[in-house]
Amino acid sequence: MLTEVFSELFPLMSTANPQTLEWLLNVAIEHEYPSGRAVVMEDAWGNAVYFVVSGWVKVRRTVGEDSVALAIFGRGDFFGEMAILDESPRSTDVIALSPVKLLSISRERFIQILFKDPQLHHRMLQLMVRRLRQINLRLQMRSSPPAVKLAHTLVTLGESYGQESDLGKEIFNVPFKDLAEVTEIGVEETTKIMQKLHEKGWINIDSANNTTYLVNFKQLMNLAGKV
-2 MLTEVFSELF PLMSTANPQT LEWLLNVAIE HEYPSGRAVV MEDAWGNAVY FVVSGWVKVR
58 RTVGEDSVAL AIFGRGDFFG EMAILDESPR STDVIALSPV KLLSISRERF IQILFKDPQL
118 HHRMLQLMVR RLRQINLRLQ MRSSPPAVKL AHTLVTLGES YGQESDLGKE IFNVPFKDLA
178 EVTEIGVEET TKIMQKLHEK GWINIDSANN TTYLVNFKQL MNLAGKV
C-alpha cells in the first residue's frame, strides 16, 4: 500500500508526516479473515493496534455462552488503541462480519512512533475524544424512542463508513441482532422498524449482496435528530 493511499484511507493518519507513514507501513502486518472468524480474542487485547483496510467487524462482549455486540467498525477505522495504553485485560473480542482485511502494528512500535510524531499523537487523541462523545450521546439517547435510536445508529454507520452510490449511501447489511444490540433495543423492534423504513423507501436492503442502501439519508438524519 502506498503512503498516500494509507493517509487517505485512515483519518487517523491524515496529519502524520511521510516518514511516519512509510515506517508504519514497513512494520505493519497484513491479515485476511473470512466472515464469522474471530479477529482478536479477549486475551490478545493490548498486543497491537488494528486498521480496517476493507470489510466490517464487530466488537462483542462475551459472558459465558452469551455475547452482545458493542460496536461496529468499517473501512478506514481502527481499534485496539485503548488496550495498548492501559494494558488492562478485556472481556471482549472482535469478529469479522464480512470478509475483512486488516493491518496490525505491534504495541511497542506504535507507541514508539507516537512519541516520534506529535501530530499523529494529537490526531489519535482527537479521534479518541470523538468516540467518547459518541458514547456519551448514546447514553443520552437511552430514553429516546427505538426508531430514533436505530436511525441514529444507521446514520452514524453511514457517516463513518458509507460509500456513495446511485442508490444512496451504501453500508454493510448488519445482522438485525447486532444492530439491535449496538442500538440497545430489541431484535423484534429492530426488525419492525427496518421493515417500515424499507416500506417508506428510506432504506433498501439487498440481502443477496449483504448491502443496505441508506436511500433517503436526509430523512434518516431528521428522524435521528441530527438535523
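Residue numbering for the sequence shown follows the working numbering, beginning at -2 and increasing consecutively.
Glycine residues also receive a C-beta, built at the ideal position from the N, C-alpha and C atoms.
Quantities reported herein were computed from a predicted structural model and do not represent experimental measurements.
- With contacts defined as CB atoms closer than 8 Å, leucine 147 and isoleucine 182 qualify as a contacting pair.
- The region 129 to 144 makes no contact with the region 200 to 208, as fewer than three CB pairs between them are under 8 Å.
- Cβ neighbours of glycine 43 within its own chain (closer than 7 Å, five residues either side excluded): Ala80, Ile81, Glu84, Arg104.
- The DSSP assignment places 173 to 180, 184 to 197 as complete runs of the alpha helix (DSSP H) inside the region 146 to 215, in order along the chain (cut-off: 4 residues).
- Per DSSP, the unbroken beta strand (DSSP E) holding aspartate 90 starts and ends at 89 to 93.
- For valine 54, the pairing in a beta bridge is given by DSSP as Phe70, Ala93.
- For the 8 Å CB-CB criterion, tyrosine 47 and serine 4 do not form a contact.
- The bridge partners DSSP lists for histidine 28 are Leu99.
- Of all alpha-carbon atoms in Val49, Leu22, Ser157, Gln16, the one lying nearest the alpha-carbon of serine 95 is that of Val49.
- Counting the other Cβ atoms within 10 Å of the Cβ of isoleucine 200 gives 16 or more, which makes it buried.
- Taking one beta carbon from each stretch, the region 29 to 41 and the region 151 to 158 have fewer than 3 pairs nearer than 8 Å; the two do not touch.
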